[in-house]
Each structure stands twice: as structure tokens, then as C-alpha cells.
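Heads up: the structure comes next, in C-alpha cells.
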Amino acid sequence: MKNMSFLKIVLVVLIGVVSVSAFVTSQRTTQSDFKVRYKTTMGAGGGQGMSGETVTMIKGARERSENHTGMGFDTVSITQCDLKRTIQISDTAKKYTITPMESSSPAASTTPSTPPPSAQTPTTRGGLVEYISSTIDTGERKEMFGFTARHVKSSTTINAAADSCSPGKRRIERDGWYIDLNVGFTCDRNVAQAMPTARPQAGGCRDQVRMKNEGKAEAGYPLIETIRMSGDNGEVMFTTTKEVIELSRATLDMALFDIPAGYTQAADSSELYAMNSMTMMGGVNQAEPGTRPSTGSVGAPEQVKQPGGLVIGVVQFNNKSSRSVSLDLVRQRLIGQIQAAGFSAIPMAIPMNATSQMEAEAEAKVKKVDFILYTDIATLKMNKLGGLLGGLSGGSAIPKTESKLEFKLFAVGETAPRLQSNTSAKEEGDENSVGTAVDAEARMVAAEVRKRGRG
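Each residue of the sequence shown is one higher than the one before, starting from 190 at the first, in the working numbering.
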């Protein structure tokens, strides 16, 4: 009993220290204006890469995000925390839409939180899948944008046994220069956390997962970062490079964080993005005869559609959580798992914050896609208390991340989803947790497409 009382006291003290540290850290946050511009280059294997540019600006309680793809789907999003709303802007159409933050509650989510009743999928036992993660600080330092950047390399090797659901070996490598940077932007959406109304559907192939962590170097905010994914034979399947080309604390014009003068409010997102869809289609029509137009492929080789084969277009993930993960990597993992199940899957170039199917339908017709898959990262949170309790009780002291994905699958040309559901996971590390949930999503999507097909 005395030992238990002592452990409780230690736990309370540890929680108090963590809370005070978090408070002190928040007090050190810089409140000045912030702007970062970075370019991204993405490609598959040795093929030609695609380039884009993203700009993020912060001023007080407002944030402006610009995504320039060069595909006619450039987007601008303004988050006004002081007014509790988000504004989507189309400079092409000179229109905007307003979404109250309260509408991000489960009832207005782009993907329903409760799966519809369905027949139970039989459970089959897979094999062992081992995740080996390593992070190493090389000790190299250099000055970048007035900061001292550190060179950090990390990797995750996935070894799936021959009897596992998706056997093979994959490796994800990160190599970059990182700094300590807190931009000081937080936005309390004042929305109650939704409790799951149904347990994730069981069934399908289930692997045994084993995690192993090596090295404890801190990464931080990337100023330049390259991510590579390779397959069984070591051949690079996917590469993306993100490089900051501008980082500034100069004062920003407040007009950048509001609705532009002369713009009119669109009735809905269909009207907002209609001009973007026509721009893209016009670009495709102007392509030279005999050449294949660029369609914004990111993350995986575009597969040639086989006669009678079905193709699933995977939209970029929409991260609704407050934690950051590589959306390119988790989408590539989803694509890879769907392909491993025997279906063709390709990335879609439409904006991840689009809520209408109009722009997706236009791209789907160009790419000859049969299904469109949307995924939201609804929840991503670290269970620190569980890690502390685990350490005190002799278990693992590494906190686990709880993740929840909400997704919907549409057949092209249909307005009602063929499948709408969610998956959850709790693993050590944000990307491992999301990855486990992604694997479950891929199994459910493949089962639905296999069961019902295109018709």
C-alpha cells in the first residue's frame, strides 16, 4: 500500500512538472507575424516529378494558407479564429465560401463517424509485421534563415512476413535540416470532442504488429526535407522534397487575412470550384496529340488501366487534428495497400479541402478512375498519461498516439457513397498509429470494391 501511495505521489508530481513545462513553453511563444514559403517536388520512381508551392502566413488569431499546384486547382484558405470561421477563396472565380468552425462537429463532418450496418467480414490471421524506426542526429550544423539548423536522418523499415496480409519489405527514409521553431498559432475551435458511436468494424486479415525504436534524436521544423519510399528490391517508389525558400517575421497586411474586395459569396463549393475544373479540363484539351497530359500525380506510378480493371482515385488526406503527420506518406501507404489487395490505385490532384465532387469528377474522367476515396484524419492525440502509468507499472513508458480516420468511397457519377466508415488505432508514434488505421481502411475499401464492383 505504501508503495502504491508513493507511486501515486510520483505520478502527480510528474504530471505537475509536465503541465508547468508546457505553460512555460507557451509563454515563450513568439507572437509576431510569420510567413513561410516552400516548394515541393514529388515524383514516382525515376519518372518526371511535379513541382508546387505552398505559402503559410500567420497574423495574430488568423492564418492564410495558399496551395499552388499549377494545375488550375490553386486554393486559398483563411482561418479566422477570432470570428470562429474558415474562408475558402477562388481567385479564378473571384468567389468565396464561409464555413463556421462549429460546423466541424460530427454532424457536419465530410465523412460520417458512424459506419452503416453491414455484414461481418470473417477474420483471417495474418503474420508478423515489424516496424523498425531510427532517428539519428549527424552532428552537422549550419545557419539557415537566421537559425542554427541540425542535420537529422530517420528511417522506418517495414518487414512483413510471407504469411502476412501484405507481405514484403518497405523502407521510408527522411533526410533533412531542422530547427526549433514555434510559430505561436493555436486555434481553439470550441467544439466538443466526439465520442465514437460505434466500434471499428472487425474482420478481414489481421497482422501481428511489433514496434522497435532506435535512436532518440529530435527533428523539429523542417527547412529542407527529402522523403523516399522504396520497395522489396530497394527500388525507389516515391520521392518528395520540401524546401523552405522564404521565412519571414516581417509585418503582414491585415487584408491578406480577410475576404478580398470585390469578391462575391458562392452558394456552395460547387460554384466556387467550377472555374477551377474548367481550367484543368481546358489544359488537358490543349495537350499535344500523342502526349499524356500531366494530371498532378503524386506519390505512386500511374498504372495503365487494364480491360475490366477497376481504378480507385485517392484524394489527399484532410488533417482535422492539431498534430502534424506527412500526408503524402500516409496517402502513399493507403495506395500501396489497395494495390496489394489487387486493385489499381492512383493519387488525385484535387485540393484536400474541397468539399464538392465536381472537381473530383472532372479529374476522374481524365484519369479514367472508377472510384474516388476521401479520408479525414479526425483524431490524432497522444496519450501521455498512459505512457506515465505504463512506465511506473514496469511497462512501456513511451506514450501511444490514438488516431481515428473517417472515410467515404464514391463511384464516379454517383452522389451517395458506396462506403462510409471509420477506423481507429493506438500505436507508438503518430505515423505508426495513422498507418495502422490506414491499413484497416484499405482492407475495408478493397472488400467493398471486390464485393460490389463498379455496377
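For every residue, glycine included, the Cβ atom is placed at its ideal position computed from N, Cα and C.
Please state whether the Cβ-Cβ distance between residue i and residue j is less than 8 Å.
i	j	result
K593	S613	yes
G498	V558	no
K431	E414	yes
I527	V500	no
L412	W366	yes
K224	E319	no
K248	F446	yes
A350	G316	yes
S221	R417	no
K358	N348	yes
CA-CA distance, residue i and residue j?
i	j	result
R360	T429	14 Å
A636	L608	10 Å
K640	D421	29 Å
A553	F599	11 Å
I278	T264	7 Å
Y285	Y410	31 Å
E630	S353	17 Å
R632	A626	10 Å
D364	H340	8 Å
V433	R314	45 Å
I287	T275	6 Å
Between the Cα of residue i and those of the options, spot the shortest distance and give me the residue it belongs to.
i	options	result
K570	A282, K554, A250 and E591	E591
S227	I247, H257 and K248	According to the sequence shown, residue 227 is Tyr rather than Ser. With distances taken between Cα atoms, Y227 lies closest to H257.
G404	F336, L436, F427 and T345	T345
S355	A530, A567 and M537	A530
C270	P606, E252 and T440	E252
P449	A250, V244 and S266	S266
S513	E550, A551, T568 and G335	T568
E424	V372, E362 and N508	E362
T245	T564, A549, D457 and L441	L441
K589	S622, E595, G602 and A455	S622
So residue i and residue j are in contact, right, with Cβ under 8 Å, and what is the actual spacing, rounded?
i	j	result
F532	V638	6 Å
Q505	R522	Going by Cβ atoms, the distance from Q505 to R522 rounds to 13 Å, so no, they are not a contact pair.
L518	E620	7 Å
S510	I561	Contact doesn't hold; Cβ gap of about 23 Å is too wide.
C376	T268	6 Å
Using a beta-carbon distance below 8 Å, is residue i in contact with chain C?
i	result
R607	In the displayed structure, chain C is absent; only one protein chain is listed.
Applying the 10 Å Cβ sphere with the 16-neighbour rule, what's the burial state of residue i?
i	result
G525	buried
K597	buried
P606	buried
S240	exposed
I232	Correcting the residue identity first, residue 232 is Gly in this sequence and not Ile. Per the 10 Å Cβ criterion, buried.
D369	exposed
M322	It should be pointed out that residue 322 corresponds to Ser in this sequence rather than to Met. Buried, by the Cβ-count rule.
D396	buried
A551	buried
T604	exposed
A444	exposed
N457	Going by the sequence as given, residue 457 is Asp instead of Asn. Counting Cβ neighbours within 10 Å, D457 comes out exposed, since fewer than 16 surround it.
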